[in-house]
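Enquirer: This is the structure, below, for whatever I ask next.
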Amino acid sequence: MFATLRIMFISLAAWVLLSVIKLLLGRMQRSLISRASEQGEMATEAAKRIETLIRLLRQAVVIIVWVIVGLVILRELNVEIAPILASAGVVGLAVGFGAQNLVRDVISGFFMILENQIRVGDVAIVNGTGGLVERVNFRTIVLRDEAGTVHVFPNGTINTLANMTQEWSAYVFEVRVAYREDMDKVMAVMRNTGAALRKDETFGPLMVEDVEIYGVDSFQDSAVVIKGRLRTRPIKQWSVGREYRRRLKLAFEREGIEIPFPHHSIYFGETGNALMAALINQKNAMKTDEL
């Protein structure tokens with residue numbers, strides 16, 4: 007009877023302890039983000055890194071607490087702990103040979119987190135699959151792509167990892183204009199459009215620097231291609247890039263700069279009656295079928 011009550015008390019105490027630790031970790035997370043912002047570090051970057059570390063610390067604490075609680079409960083049930091701990095080493099060695107992939111995943115995850123390669127909230131491409139990082143665990147990384155599909159990658163199987171939103175992001179774009187246009191004028195309009203966007207109250211704070219115009223990048227069948235880049239705060243490149251393209255289209259219309267598009271020519275034959283003859287033949291064929 008008393009053993010049962012003690013076990014219930016131990017379990018309740020463990021639950022309360024974990025609740026308190028969760029609360030303290032939440033306060034620690036907010037405090038660290040605030041301190042990083044005061045020291046000049048970008049709040050978004052600090053929040054992503056700290057959230058990832060706090061999440062992993064919370065998982066580690068939960069595992070440690072419940073392992074200790076399990077050992078204490080076994081002792082309350084008069085189960086000898088020493089032989090269990092001694093045999094755990096042998097069992098662990100045997101399991102280790104069969105769980106090499108698990109160990110590899112955990113070690114790989116540890117170094118990815120230690121080296122700050124990826125954080126919760128990043129947009130990354132893992133093994134050719136892109137998406138928003140929703141969870142970073144010791145064993146797996148969880149991505150959600152644009153279609154909402156969730157992809158889970160064991161850390162040990164990750165061969166290529168491209169982080170698109172670490173510290174700053176970039177929107178690389180190409181603009182096609184007609185051959186007859188003055189390239190210097192076109193690039194001046196592009197720079198002026200970027201400068202106006204930089205002064206915008208909404209989009210200006212999202213840009214790290216003025217638009218970079220690389221110059222004429224290639225020649226195509228009906229267009230000259232000019233390449234450029236927008237550097238933005240992490241994960242803001244797409245919204246800034248779309249707004250830049252919208253404003254650039256309006257600026258080209260004001261300046262009379264042509265954006266080429268495909269044209270189709272219809273050939274009616276040498277006499278110009280080929281289409282009419284085909285329609286007449288089709289009509290006569292329909293009358294013949296009716297008879």
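Going left to right, the sequence shown walks through residues 7 to 297 as the numbering used here numbers them. No residue lacks a Cβ here, since even glycine has one placed at the ideal position from N, Cα and C.
Hey, Val132 and Phe159: beta-carbon distance below 7 Å or not?
Expert: Counted from its first residue, the sequence shown places residue 132 at position 126. Counted from its first residue, the sequence shown places residue 159 at position 153. If you check the CB distance, Val132 and Phe159 come in under 7 Å.
Enquirer: Please list the terminal residues of the continuous alpha helix (DSSP H) segment that includes Glu259.
Expert: What you label residue 259 is simply residue 253 of the sequence shown in a count that begins at 1. Segment 243 to 261, the alpha helix (DSSP H) holding Glu259.
Enquirer: Please name the residue, chosen from Thr238, Asn198, Gly234, that lies closest to Phe209 on a Cα-to-Cα basis.
Expert: Position 203 of the sequence shown, counted from the first residue, corresponds to residue 209. For Phe209, the nearest C-alpha among the options comes from Thr238.
Enquirer: Taking only the alpha-carbon atoms, compute the straight-line gap between Glu261 and Val178 and give it to the nearest angstrom.
Expert: Here residue 261 is taken as the residue at index 255 of the sequence shown, counted from 1. Here residue 178 is taken as the residue at index 172 of the sequence shown, counted from 1. So the alpha carbons of these two residues sit roughly 23 Å apart.
Enquirer: For Asn198, which residues in the same chain have their Cβ closer than 7 Å to its Cβ, ignoring the five residues on either side in sequence?
Expert: One-based indexing of the sequence shown puts residue 198 at position 192. None.
Enquirer: Closer than 6 Å by C-beta to Met170: which residues in its own chain qualify, once you throw out the five before and the five after it? Chain order, please.
Expert: Here the question's residue 170 lines up with position 164 in the sequence shown. Same-chain partners within the cutoff: Val129.
Enquirer: Measure the C-alpha to C-alpha separation of His157 and Ile119 and round it to an integer number of angstroms.
Expert: Numbered from its first residue, the sequence shown carries residue 157 at position 151. Numbered from its first residue, the sequence shown carries residue 119 at position 113. Distance between the alpha carbons of His157 and Ile119 is about 19 Å.
Enquirer: Tell whether a beta-carbon distance below 7 Å holds between Leu149 and Gly134.
Expert: The count along the sequence shown starts at 1 and reaches residue 149 at position 143. The count along the sequence shown starts at 1 and reaches residue 134 at position 128. For Leu149 and Gly134, no; Cβs fall outside 7 Å.
Enquirer: Inspect the CB distances between the stretch 13 to 27 and the stretch 68 to 80 and report whether three or more fall short of 8 Å.
Expert: yes
Enquirer: Kindly indicate which three-state DSSP category Met118 falls into: helix, strand or coil?
Expert: Within the sequence shown, numbered from 1, the residue matching residue 118 stands at position 112. The answer is helix: DSSP assigns Met118 an H, G or I state.
Enquirer: DSSP on Pro266, reduced to helix/strand/coil?
Expert: Taking the sequence shown and counting its residues from 1, one reaches residue 266 at position 260. Correct three-state label for Pro266: coil.
Enquirer: Keeping to the same chain, check which residues put their C-beta closer than 8 Å to that of Pro266; ignore five residues upstream and five downstream.
Expert: For the purposes of this step, residue 266 is taken as the residue at position 260 of the sequence shown. Hits under 8 Å: Arg182, Val183, Ala184, Ser228, Ala229.
Enquirer: Going by DSSP in three states, Leu83 sits in which element: helix, strand or coil?
Expert: Within the sequence shown, residue 83 is the residue found at index 77, counting from 1. In the structure shown, Leu83 sits in coil (DSSP, three-state: anything other than H, G, I, E or B).
Enquirer: Do Ala176 and Arg235 have their beta-carbon atoms positioned less than 7 Å apart in this structure?
Expert: Indexing the sequence shown from 1 puts residue 235 at position 229. Indexing the sequence shown from 1 puts residue 176 at position 170. In this structure, Ala176 lies closer than 7 Å to Arg235 by Cβ.
Enquirer: Tell whether a beta-carbon distance below 7 Å holds between Arg125 and Thr58.
Expert: The residue you call residue 125 lines up with position 119 of the sequence shown. The residue you call residue 58 lines up with position 52 of the sequence shown. Yes; because the gap between Cβ atoms is below 7 Å, this pair is in contact.
Enquirer: Are the beta-carbon atoms belonging to Ile219 and Met189 less than 7 Å from one another?
Expert: Numbered from its first residue, the sequence shown carries residue 219 at position 213. Numbered from its first residue, the sequence shown carries residue 189 at position 183. No, they are not a contact pair.
Enquirer: Quick check: what's the CA-CA separation for Leu76 versus Leu38?
Expert: Counting from one through the sequence shown, the residue named residue 76 turns up at place 70. Counting from one through the sequence shown, the residue named residue 38 turns up at place 32. Per the sequence shown, the amino acid found at residue 76 is Gly instead of Leu. When rounded, the distance between both Cα atoms is 33 Å.
Enquirer: Assign Ile113 to one of two classes, buried (16 or more other C-beta atoms within 10 Å of its C-beta) or exposed (fewer than that).
Expert: Translated into the one-based positions of the sequence shown, residue 113 becomes position 107. Exposed.
Enquirer: Suppose only complete runs of 3+ residues qualify. What are the beta strand (DSSP E) ranges in the stretch 188 to 245, listed by chain order?
Expert: 218 to 225, 230 to 238
Enquirer: Which residues bound the beta strand (DSSP E) around Asn169?
Expert: As a position in the sequence shown, residue 169 is number 163, starting the count at 1. Its beta strand (DSSP E) spans residues 167 to 169.
Enquirer: Taking DSSP as the reference, what is the three-state secondary structure of Thr135?
Expert: For the purposes of this step, residue 135 is identified with residue 129 of the sequence shown, where counting begins at 1. Three-state DSSP puts Thr135 in a strand.
Enquirer: Quick check on this structure: which residue in Ile16, Phe15, Ile147, Ile60 has the alpha carbon closest to the alpha carbon of Arg33?
Expert: By 1-based counting over the sequence shown, the position of residue 33 is 27. Nearest of Ile16, Phe15, Ile147, Ile60 to Arg33, Cα basis: Ile60.
Enquirer: Would you mind stating whether Leu212 and Lys242 have Cβ atoms separated by less than 7 Å?
Expert: As a first step, residue 212 is located in the sequence shown; it is residue number 206 there, counting from the start. As a first step, residue 242 is located in the sequence shown; it is residue number 236 there, counting from the start. Going by C-beta atoms, Leu212 is nearer than 7 Å to Lys242.
Enquirer: Could you check whether Glu86 and Arg312 sit closer than 7 Å to each other, using their CB atoms as the reference points?
Expert: This structure does not reach residue 312, given that the chain is present from 7 up to 297, and the question cannot be answered.
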